[in-house]
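If you read the protein sequences in the order shown, they are chains A and B. The numbering used here applies: residue 34 is where the first sequence begins, and numbers increase by one. The numbering used here applies: residue 74 is where the second sequence begins, and numbers increase by one. Note that CB positions come from ideal geometry on N, CA and C, so glycine has one too. Values in this document were obtained by computation on a predicted structure and should not be read as measured data. Accompanying notes for the structure given below.
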Amino acid sequence: QITKEQLGLMKVIVDAYNTHQIPQDVAKKLLQEQYSEEENFLLLTEMATSQVQVLVEFTKNIPGFLSLDHEDQIALLKGSAVEAMFLRSAQVFSRKMPNGHTEVLEERIRKSGISEEFMTPMFNFYKSIGELHMVQEEQALLTAITILTPDRAYVKDQKAVERLQEPMLDLLRKLCALQHPQEPQYFARLLGRLTELRTLNHYHAEMLTSWRMN
Amino acid sequence: PASNLGLEDIIRKALMGNLEE
Numbered sequence: 034q035i036t037k038e039q040l041g042l043m044k045v046i047v048d049a050y051n052t053h054q055i056p057q058d059v060a061k062k063l064l065q066e067q068y069s070e071e072e073n074f075l076l077l078t079e080m081a082t083s084q085v086q087v088l089v090e091f092t093k094n095i096p097g098f099l100s101l102d103h104e105d106q107i108a109l110l111k112g113s114a115v116e117a118m119f120l121r122s123a124q125v126f127s128r129k130m131p132n133g134h135t136e137v138l139e140e141r142i143r144k145s146g147i148s149e150e151f152m153t154p155m156f157n158f159y160k161s162i163g164e165l166h167m168v169q170e171e172q173a174l175l176t177a178i179t180i181l182t183p184d185r186a187y188v189k190d191q192k193a194v195e196r197l198q199e200p201m202l203d204l205l206r207k208l209c210a211l212q213h214p215q216e217p218q219y220f221a222r223l224l225g226r227l228t229e230l231r232t233l234n235h236y237h238a239e240m241l242t243s244w245r246m247n
Numbered sequence: 074p075a076s077n078l079g080l081e082d083i084i085r086k087a088l089m090g091n092l093e094e
């Protein structure tokens with residue numbers, strides 16, 4: 034059973050998740066027609082920068098985060114920025130978009146100089162996230178859990194991070210049991226997505242390098 | 074493009090809360 038305290042925690046996380054979104058004007062640019070490859074590339078870079086800023090604003094609201102060691106805060110954010118970005122953009126692809134928008138987005142990403150080798154794992158991830166039909170609370174909590182990953186590089190006090198992540202994992206487990214009673218494996222499947230996310234980190238780093246070269 | 078160094082700058086600046094620059 035979810036305790037009153039956990040309900041409070043969930044509300045804080047979901048409110049922060051909803052409050053801090055990519056600004057409408059930036060997001061709208063993604064849907065405008067006819068961009069050249071260079072413009073697509075610059076647009077995606079602008080989106081990535083905006084997503085990182087949104088991520089930091091969201092993370093500041095995670096109870097206890099700002100009381101962590103300052104450099105550990107940086108290490109956690111740096112270590113999770115790419116994963117949180119893919120997790121967030123996956124929801125854009127899985128939400129019911131007005132007809133044609135998803136195709137325009139996909140087309141834009143395919144025509145931005147990113148090679149097929151990185152595209153496939155990314156769209157596979159979007160598909161596997163879409164199949165889960167996550168509710169907003171699950172998306173917000175999973176993002177917070179991704180950020181509070183204790184074993185990120187350069188994190189000094191891993192125990193302190195664990196103490197923040199644990200209640201989130203417990204809450205997500207209970208939420209999954211409530212939301213998906215007929216799917217006892219649902220929580221495990223969600224955590225499985227986090228493993229898939231980590232592989233995207235590797236692809237993203239290689240993608241940046243190849244972008245720089247062309 | 075936002076290089077890795079850029080990523081840390083964006084994070085530090087956002088953490089300090091002065092996004093307007």
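- By the CB criterion at 8 Å, A:L63 and A:L88 fall outside the cutoff.
- Closest in alpha carbon position to A:Y219, among A:D190, A:E171, A:R245, A:E199, is A:E171.
- The Cβ atoms of A:L181 and A:L197 lie closer than 8 Å to each other.
- Note on A:N157: under 16 other CB atoms within 10 angstroms of its CB, so exposed under the neighbour-count rule.
- The Cβ neighbour count for A:R141, taken over all protein chains shown within 10 Å, is at least 16; the residue is labelled buried.
- With a threshold of 16 other beta carbon atoms within 10 Å, A:Y187 falls short and is exposed.
- The contact set of A:V85 on chain B, defined by CB atoms closer than 8 Å, consists of A75, L80, I83, I84, A87 in chain order.
- One Cα belongs to A:D190, the other to A:S100, and the distance between them is close to 12 Å.
- Below the 7 Å Cβ cutoff, chain B contributes I84 as neighbours of A:L110, in chain order.
- Under the rule that a run must span 3 or more residues, no beta strand (DSSP E) segment is found entirely inside the region 174-216 of chain A.
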